[in-house]
Amino acid sequence: MPSTLRRTFLGMVATGTVASIAGCSSSCPDSGAPDPSHTVEPRTANSGFETVPDSSWPSPRFDAANTGYAPVKIATTTPSVQWQTDISTTSASNDTGGASAVVVADETVVSTMSTGVVALSLRDGTEQWRREFTSATVPSTVDIGDNPAPPVMANGRVYLATADSVVALAVDDGTVVWRNTDVAGTGVPVVTDAALFVPTTDGVARFDTTDGHRQWTVPADGTRLAVADGTVVINGEQVVAVDADTSEVRWRRSDRPTGYPVVVDRTVYVSGSYGELIGRSLTDGTEQWRIDRGRSLEVPVVTPESVYAIERPGEASSATFAFDRVDDSPPEPRWCSEINLGGAVTAAADDGVFTFQRDDGLTAFTTRFGEAVWQYPAEYQAVSLAVLDGGIVSVSPDGTVVALGGE
Amino acid sequence: MWRRSYRIAGPLLALSAVCLLIAIAPLELWPTPRPGDSYVFNPPLFSGIWVQRTLRPALIISANALVLVGLSAVFRRDGASMSRLQRVFAFAGLVGTGLCLLGTLLFTTAGPNEIGRELTAFLIWALSFLLIFFGLIGWGAGYVRSEKPRLGAALIGAPALTGVLFGLSLAGIELPSMGRLLLIAPTTVMTLVVGYDLWTHQVSDDS
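Chains as they are written, first to last, in my numbering: chain A, 822 to 1228; chain B, 2 to 208.
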């Protein structure tokens, strides 16, 4: 059985077991879905941003550490749809494999489909270019199944893990800057100022961003990485920490992690398959704290003061939880809000926390006390959110990309 | 000594009226965060959520306890001069008020998922409302027939008017926007009238 399938299966078994023990209900005392002050009209799209958001979301979880937090302000309490584009039908390709998380930089929105990569104008969503590749796939962080591995962007380039290579494209026109066909990509790339790190068929590999030559490979089976403070943290069958310069393995722990590892202030945040959220020292992997409520805490977003996560009890309503970060101790719950059944994705800015969930759509909460400010009742579940200075871009599994912002 | 304690019960009843008025003040008047979208684990003092979760139950329990103390003082003061039937009604009214306090304590201290405790509280409330309704009306009627019609009218008016308003509400007739104030107004007026009576009338007046 392929490792991703086995992990998905084990994750399902673990979640089901935990849910049956926990009584299938969220630990949030809140009752009822939030009632936001403003509802975004879903089918009314403007012609685009009057002022293009002046920031980027260059990785699926914003940065190489996967914090999911952009230090910007949305600065509106009554957003509207600025543009909407279906990237699965904007060209003649027979693309039916779903869309990856979006990344945004240089006023360009980029997403991968199973058969290629698409770039849109951030201003109005028009297609800039499209290149055909067979994308690598990774297990979904939201639901069961696989999605195309999302790209990452840095220094005017788009980096991709494909089924037969690792590729760098120019953001401007999509031309291939370099392509390394020594290995095939198997996960989500991470780019830093120093190098590109990609899960490959040989293990996790480091590439030179200028010409794509492979610098080292460490045998590890992870599909999602975080890079921070000179360390690569790999989420696979185990959590493995590797020296980013030498590839020396520093520590490994059997946490059976899911989703992205998050590294903030030398603490690694790991969502375990059995529902716990664990904080480990980046230095030596020792456990600093653990939140184990018998229900899975997923998709952690870590800001300088807070941790946000989705509690999924299995067969009952989920809940968005906000925790206060405490030095060397488990984060303490600050607020929670019940949301409907199903997976969710989250992201945060300085003035809001965003939860995209199947039945409720996108809900924006205030960070301090979780007051629902606005809601975008989309008819789909998002794969990811990109939070910008004055706007949000989301993409659905079928390739509908929506930009919200303005008044 | 007992006469002094009757007098002290007067201001205590006035205090219960103040507690009730603060308790029913709309949460929109208090600072944010207010109840609604999320459960806040440690709300700031005097915020709408803190008032709803901490202050309001404390005020309702206090008001309830103070009313019980005040009515008990009236009963002790006037018990000797009451007819046997009036004493029975007065005792029923006091038991009802005590049960109401017990129900309130049970309800306000119940956790989010303690449905059994909440159900018990509702049953106790239902019994207490019956006892209060008939007890206070019967007790007040005795005063109306004697030389204390104002005290009697207050004791009759509070349960009667509250019952009428409650009945209208149950029948689907919408109360005005200040409906909650209207609902507690009879009780508030009763506590003020009974408190004033305790403060100004000595037991020797009736004996």
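Think of the CB as a built atom: it goes at the ideal place given N, C-alpha and C, for glycine as much as any other residue. Only a predicted model underlies this, so the values are computations on that prediction, with no experimental measurement involved.
DSSP places W1072(A) within a strand segment (E or B) once states are collapsed to three. Contact between A975(A) and V959(A) does not hold, since their C-beta atoms are separated by about 20 angstroms, which reaches or exceeds 8 angstroms. Within the same chain, G1227 come within 8 angstroms of E871(A) by CB-CB distance, once the 5 residues on both sides are set aside.
Look at the segment 11 to 44 of chain B: the residues with a C-beta under 9 angstroms from a C-beta of chain A are T33, P34, R35, G37, D38, S39, Y40, V41, F42, N43 and P44. Residues of the segment 1152 to 1170 of chain A whose Cβ lies closer than 7 angstroms to any Cβ of chain B, in chain order: P1154, R1155, W1156, C1157 and S1158.
Within the DSSP secondary-structure output, Q1178(A) pairs in a beta bridge with A1165(A) and G1182(A). G1024(A) and V1039(A) do touch by the CB rule: their CB atoms are close to 5 angstroms apart, below 8 angstroms. Looking at L137(B), F135(B), L128(B) and L107(B), the one whose alpha-carbon comes closest to that of E119(B) is L107(B). For the set S1068(A), S1092(A) and N867(A), the Cα lying nearest the Cα of Q1036(A) is the one of S1068(A). No Cβ-Cβ contact shorter than 7 angstroms links A64(B) with L199(B). Closest by C-alpha distance to P881(A), out of V1120(A), V997(A), P1154(A) and V1174(A), is V1120(A). Within the segment 871 to 937 of chain A, complete beta strand (DSSP E) segments of at least 3 residues are found at 901 to 907, 924 to 926 and 929 to 934, given in chain order. Cβ-Cβ distances below 7 angstroms link W31(B) to F47, S48, G49 and V52 in the same chain, with the five nearest sequence neighbours on each side left out; the list follows chain order. Its chain contains G1080 as the residues whose beta carbon lies nearer than 6 angstroms to that of T962(A), once the 5 sequence neighbours on both sides are disregarded; these appear in chain order.
By the neighbour-count definition (other C-beta atoms within 10 Å, threshold 16), P150(B) is an exposed residue. Within the same chain, and ignoring the five residues on either side of N1161(A) in sequence, the residues whose Cβ sits closer than 8 angstroms to its Cβ are A854, S1138, S1139, Q1178, R1179, D1180 and D1181.
At a Cβ-Cβ threshold of 7 angstroms, F1018(A) and V979(A) do not count as neighbours. By the Cβ-count criterion, E953(A) is exposed, with fewer than 16 other Cβ atoms from all chains shown falling within 10 Å of its own Cβ.
Residue-level contact by beta carbon holds for F1190(A) and chain B, with a gap shorter than 7 angstroms.
With the rule of 3 Cβ pairs closer than 8 angstroms, the segment 93 to 102 of chain B counts as touching the segment 124 to 134 of chain B. Contact with chain B is found for D851(A), since one of that chain's Cβ atoms lies less than 7 angstroms from the residue's Cβ. Within the DSSP secondary-structure output, D1064(A) pairs in a beta bridge with T1052(A). Identification of chain B residues near P1134(A) by a Cβ-Cβ cut-off of 8 angstroms yields none; the smallest Cβ-Cβ distance measures about 14 angstroms.
The three-state reading of DSSP puts C849(A) in coil, since its state is none of H, G, I, E or B. For P855(A), the neighbours in chain B by C-beta distance under 8 angstroms run, in chain order, G37, D38 and S39. In the DSSP assignment, R944(A) falls outside any alpha helix (DSSP H), carrying neither H nor E. Within its own chain, the residues whose Cβ lies closer than 6 angstroms to the Cβ of A926(A), once the five positions on either side in sequence are excluded, are S877, P879 and M974, listed in chain order. The alpha-carbon of S1215(A) is positioned some 28 angstroms away from that of D985(A). In this structure the segment 17 to 28 of chain B does not touch the segment 1202 to 1211 of chain A; the number of beta carbon pairs closer than 8 angstroms is below three. T121(B) sits in a helix when the DSSP states are folded into three classes. Taking the C-beta atoms as reference points, N1001(A) is found nearer than 7 angstroms to G1033(A). Ranked by Cα distance from R1074(A), the first of V1060(A), A1065(A) and V1085(A) is V1060(A). When the alpha-carbon of L943(A) is set against those of R951(A), A922(A), A982(A) and V873(A), the nearest one is in V873(A). Our two residues, S6(B) and M83(B), have alpha carbons roughly 20 angstroms apart in a direct line. Y1129(A) and G153(B) have their C-alpha atoms roughly 59 angstroms apart. The bridge partners DSSP lists for E1132(A) are L1118(A) and A1140(A).
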